[in-house]
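All remarks here apply to the structure that follows.
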Amino acid sequence: MKIIKRNGEEKDFDIRKIEVAMEKAFVSVGMPIHHEKIASMAKEVEEKVRTQFPKHHIVSVEEVQDFVEIALIENNYYAVVKSYILYRASHHTMRKTLEDFGQYFKDPSILSEMKQIQEEFKEDAYNLSFLLSKFSSFAKDSMNEGEHLAILIKAASELTSKEAPKWEFIAARFLSLQIERHISLEMNKLEVYSFREKIHLLTKEGLYGEYITQHYSDAQIDELESYLDINRNRLFNYSGLDLVMKRYLIKDNEGKILESVQEMFMGIAMHLALPEKEHKVHWAKKIYDILSTLKVTMATPTMSNARKPFHQLSSCFIDTIPDSLDGIYRSITNFSQVSKHGGGMGLYFGKVRAMGSDIRGFKGVAGGVIRWIKLANDTAVAVDQLGVRQGACAVYLDIWHKDIPEFLQLRTNNGDDRMKAHDIFPAVCFPDYFWKLAKEDIDANWYMMCPHEIENVKGFKLEDSYGDEWVEKYKSCIEDPRLDKRVMSVKDMVRLIIKSAVETGTPFVFNRDVVNRYNPNPHKGIIYSSNLCTEIAQNMQGIETISTEVVMVDNEEVVVEKTKPGDFVVCNLASLVLGNIDVRDKTELEEVVSTVVRALDNVIDLNYYPLPYAQITNQKYRAIGLGTSGYHHSLVKNGISFQSEEHISFADEVYEDINYFAIKASCAISKEKGAYPYFKGSDWDNGKYFEKRSYTSERWRKLYEEIGRHGLRNGYLMAVAPTGSTSIIAGTTAAIDPVMKRYFLEEKKGQIVPRVAPGLTPETFWLYENAHEIDQSWVIRSAAVRQRHIDQSQSVNLYITTEFSMSQILKLYINACEQEVKTLYYVRSKSLEIESCDSCSS
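Numbering (the working numbering), first residue to last: 1 to 842.
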């Protein structure tokens with residue numbers, strides 16, 4: 001017996017298909033499946049088909065389905081037959097919708113994708129008839145199929161709402177098709193039909209670094225191509241895939257896309273696996289897996305530049321500005337080079353003499369730090385990273401520096417415009433003592449002095465101490481009549497700080513005492529400040545010129561300047577996407593952490609450094625910055641409210657696990673490749689790192705013993721960056737921040753793109769508490785519990801509204817200090833648009 005399908009094709013009659021259709025109908029209404037009864041009803045249907053039509057009649061699918069309905073009614077399954085009828089009706093509508101779309105699209109891959117979307121997104125909200133209606137309002141008959149596909153993507157994206165958030169993923173599927181079509185067209189023109197051929201072409205065109213083909217054989221590239229999984233494109237939402245397409249995929253000089261998304265991930269992985277030598281293919285696959293499944297995002301410079309000829313892979317740099325004309329200009333030049341190559345910069349100005357100080361014994365002639373900060377500001381604007389965006393720089397100054405009042409007004413709307421610098425980001429370094437006075441004696445005097453005068457008169461550099469030693473030296477400076485002082489009450493100083501914070505979102509806060517108390521490398525220096533996004537905390541030391549000589553080279557006189565490189569901090573970043581990892585599965589978490597730690601360690605050796613000072617420092621400490629994004633996403637996924645004790649316990653457990661696995665991975669690499677040069681005498685070596693954090697359990701004891709035998713590969717391991725753009729790629733929440741809104745509209749080049757919190761459902765809606773509605777003491781508490789497990793720092797934002805008083809904001813600052821939160825990033829006022837930082841995105 002034959003049956004005619006809807007497309008006119010004749011097939012053998014298959015009774016099993018009737019049984020499957022009935023089973024699905026029973027499941028849809030929650031009724032148990034009795035296989036014998038269903039088989040009996042299917043037999044009834046088959047009998048009706050054989051006996052109720054003329055001998056030569058070939059039955060159609062629709063006729064068989066009519067008999068299925070009759071069989072269910074005759075057996076009194078009324079709820080099931082109702083579901084079955086509705087199923088038939090909806091599928092009829094879907095088929096009609098696909099037929100209507102067929103008028104616009106002849107490419108079978110597009111219609112095939114639509115069919116798959118129908119099968120996977122079964123909720124009524126994702127019925128393709130909605131898409132057809134939206135699409136039809138945009139489409140014009142004069143458009144070609146490529147233009148119609150662009151309209152289809154736009155229509156799917158605009159259907160995204162709180163009630164139907166998955167349209168973001170449907171739009172991404174069509175965008176993925178569009179990308180593949182563009183690439184296929186270009187590759188056919190170039191007669192390139194494999195990943196291997198493409199790599200050779202891109203290398204020849206100067207778009208890929210020659211080191212890839214120099215280290216990978218064609219057979220190895222073919223093996224890695226077979227490992228590519230295009231289905232992982234389906235993990236993207238529209239905004240994430242759109243960002244990857246526009247910013248990260250390799251294009252020719254006419255802007256045509258030449259590289260697919262999965263090829264991009266594999267290209268990055270191949271580059272980061274190079275130091276693994278004979279095991280590089282194995283590690284390339286592992287790194288590809290964590291990147292392509294969106295469980296890890298690398299920092300923006302790594303995503304952009306890995307696999308390319310100029311592979312500057314680092315995000316963050318920090319320089320200590322010396323108190324000399326040559327030194328200041330050298331630091332500004334260093335900043336310009338970092339900016340040119342896409343990095344963000346932190347500049348510590350705490351050693352530069354104050355306004356009115358002496359120069360070569362002439363009193364009252366020094367111009368102070370503001371004029372030099374303005375020079376940094378102008379450099380940030382001038383060196384605009386190939387026109388993509390202007391340079392980004394945070395400038396740090398100590399709260400006891402004589403120029404601090406003017407510094408706190410750099411970006412505010414009042415005061416002398418000649419003292420303004422609107423394109424840099426001010427940050428203030430605070431001792432605990434300042435916040436102690438703010439809490440206990442806010443009317444006390446606060447004394448500001450010039451660091452140059454202190455050194456001349458007292459013989460020490462106040463900024464080179466911290467904690468009790470700093471307090472003792474500060475008080476001795478106050479009591480010394482030889483030092484000129486600027487005096488203001490603590491209350492008035494707090495007013496300046498909070499006024500700037502409310503108006504501009506800055507200054508960032510750097511709590512220098514707690515940073516240095518927990519520095520794992522105190523035997524080699526001190527930490528004065530942080531970077532552009534406040535998450536890096538590493539030893540710092542200024543570059544110092546020791547001699548200038550004239551030497552003969554090829555019978556010509558050449559001037560050679562010799563310098564001590566100091567500690568010019570550089571950090572290499574990546575983020576675990578907590579929302580895309582089962583953080584309670586310790587096996588999965590360890591696998592991901594160990595892979596990304598190895599990848600980051602390899603970045604140190606692979607990096608193209610914009611400055612030799614950065615390379616020297618990076619080799620001494622081999623610092624990496626493993627961070628996290630998707631924090632709020634992960635809380636919600638685990639059914640946890642931000643404002644709950646469960647949140648605090650969850651954060652404590654998860655970040656301890658991450659830290660443990662990161663240190664364990666670094667120790668394993670050290671066993672294999674050697675420890676970082678400054679390991680001996682560090683807190684990692686002598687055990688103080690573990691004592692300070694109360695790591696006393698059996699697993700920590702065993703790990704410390706292992707470190708004693710094999711050392712540690714990386715002197716600094718964890719730092720949580722803001723992840724401005726990379727969290728969009730991963731379809732998750734940014735860094736450690738709570739969501740600003742569950743649903744919002746984003747403007748992209750004139751198009752309004754709806755965005756929703758990840759995994760938004762009626763069940764998760766109320767767990768996504770908006771950032772400005774959260775009691776900010778929970779932000780501080782969670783930051784504090786995480787901080788114990790982070791050897792560097794984290795980009796912690798505070799969210800305030802117009803109802804906040806000065807005393808409330810001050811209380812948050814004081815609580816942060818008391819709970820040993822190392823740094824605070826922006827104060828995000830509800831009425832204030834804060835500039836996002838991509839330089840540290842990871």
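Ideal placement from N, C-alpha and C gives every residue a C-beta, glycine not left out.
These numbers were taken from a predicted model, which means no experiment stands behind them.
- No Cβ-Cβ contact shorter than 9 Å links ARG517 with GLU818.
- In this structure, DSSP gives GLU803 a state outside helix and strand, which the three-state scheme calls coil.
- In this chain, the alpha helix (DSSP H) harbouring PHE650 covers 645-673.
- Using a 10 angstroms sphere on the CB of ASP141, the tally of other CB atoms stays under 16, which defines it as exposed.
- If you keep only unbroken alpha helix (DSSP H) runs of at least 4 residues inside the region 415-490, you get 432-440, 451-458 and 467-479.
- For GLU223, the enclosing alpha helix (DSSP H) starts and ends at 218-227.
- The closest CA to that of ASP775, considering only LYS491, LEU812, ARG411 and ILE424, is found on LEU812.
- For ARG742, there is no enclosing alpha helix (DSSP H), since its DSSP letter is neither H nor E.
- With a cut-off of 8 Å on Cβ pairs, the region 427-435 is in contact with the region 397-411, counting three or more such pairs.
- For LEU347, the enclosing beta strand (DSSP E) has its first and last residue at 344-348.
- One alpha carbon belongs to ILE424, the other to LEU824, and they sit about 17 Å apart.
- Looking at TYR695, THR548, ILE616 and SER594, the one whose alpha-carbon comes closest to that of ASP652 is TYR695.
- Counting along the chain, ASN516 sits inside the alpha helix (DSSP H) bounded by residues 512-517.
- Under the DSSP assignment, VAL383 falls outside any beta strand (DSSP E); it carries neither an H nor an E label.
- Here the C-alpha atom of ALA721 lies approximately 17 Å from the C-alpha atom of GLY731.
- Closest option to SER807, judged by alpha-carbon separation, among ASP492, ALA574 and ARG622: ASP492.
- Non-local beta-carbon contacts of PHE765 in its own chain, meaning distances under 7 Å to residues more than five positions away in sequence, involve ARG742 in chain order.
- With a cutoff of 9 Å on beta-carbon distance, MET41 and LEU72 are scored as near each other.
- Segment contact: the region 260-275 against the region 222-242, three or more CB-CB distances shorter than 8 Å; contact assigned.
- When secondary structure is reduced to three states using DSSP, LEU274 falls in the helix class.
- Where PHE317 is concerned, there is no enclosing alpha helix (DSSP H), although the beta strand (DSSP E) around it starts and stops at 316-320.
- When beta bridges are read from the DSSP output, LYS363 appears opposite no residue.
- In this structure, the straight-line span from the alpha carbon of TYR211 to that of ILE616 is close to 22 Å.
- Relative to GLY711, the option among VAL550, VAL654, SER634 and GLU672 whose CA is nearest is GLU672.
- Scanning VAL61, PRO54 and SER28 for the CA closest to the CA of PHE13 turns up VAL61.
- Runs of the alpha helix (DSSP H) lying entirely within the region 546-624 and spanning at least 4 residues, in chain order: 586-606 and 612-621.
- Between the region 579-586 and the region 629-639, the count of Cβ pairs shorter than 8 Å is three or higher; the stretches touch.
- Between ILE170 and ALA156, the C-beta spacing is below 9 Å.
- DSSP places SER829 in no alpha helix (DSSP H) but in the uninterrupted beta strand (DSSP E) bounded by 827-829.
- Counting of Cβ neighbours within 10 angstroms places SER725 among the buried residues, the total reaching 16 or more.
- Beta-bridge partners of LYS11 (DSSP): ILE3.
- Between MET187 and ASN253, the alpha-carbon positions lie close to 15 Å from each other.
- Counting of Cβ neighbours within 10 angstroms places GLU535 among the buried residues, the total reaching 16 or more.
- Counting other Cβ atoms within 10 Å of its Cβ, ALA164 reaches 16 or more and is therefore classed as buried.
- Per DSSP, reduced to three states, the secondary structure at LEU626 is strand.
- GLN538 sits close to TYR621, with the two beta carbons spaced by under 9 Å.
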